[in-house]
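Numbering (my numbering), first residue to last: -4 to 64.
C-beta: ideal position from N, C-alpha, C; glycine also.
In what follows, a structure is listed as structure tokens, so that the remarks can point back to it.
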């Protein structure tokens, strides 16, 4: 790989470190869509538990709230 541009040079002290950091970042770029989908799915599941009380949307009673790790 390699280049002399500022972005590449700031990735690490030498070519091996830069390539390792580049590979790490590419793995993160590849994994974020699944993490985003999971977060949105959990948020939507939470919203679906809301109930209408006196014509207003309210959070569910505390006893039915699920907690995620």
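Just to confirm my understanding: we take residue 45, look at its own chain, exclude 5 residues before and 5 after, and list those with CB closer than 7 Å. What are they? On the chain shown, position 50 is the one that residue 45 refers to. Cβ neighbours of residue 45 beyond the five flanking positions: 52, 53, 54, 55.
Contained alpha helix (DSSP H) runs [length at least 4] in the stretch 24 to 56, N- to C-terminal order: Correct list: empty.
In whole angstroms, what separates the C-alpha of residue 43 from that of residue 3? Stepping through the chain shown from its first residue, residue 43 is reached at position 48. Stepping through the chain shown from its first residue, residue 3 is reached at position 8. Looking at the two C-alpha atoms, the distance is approximately 45 Å.
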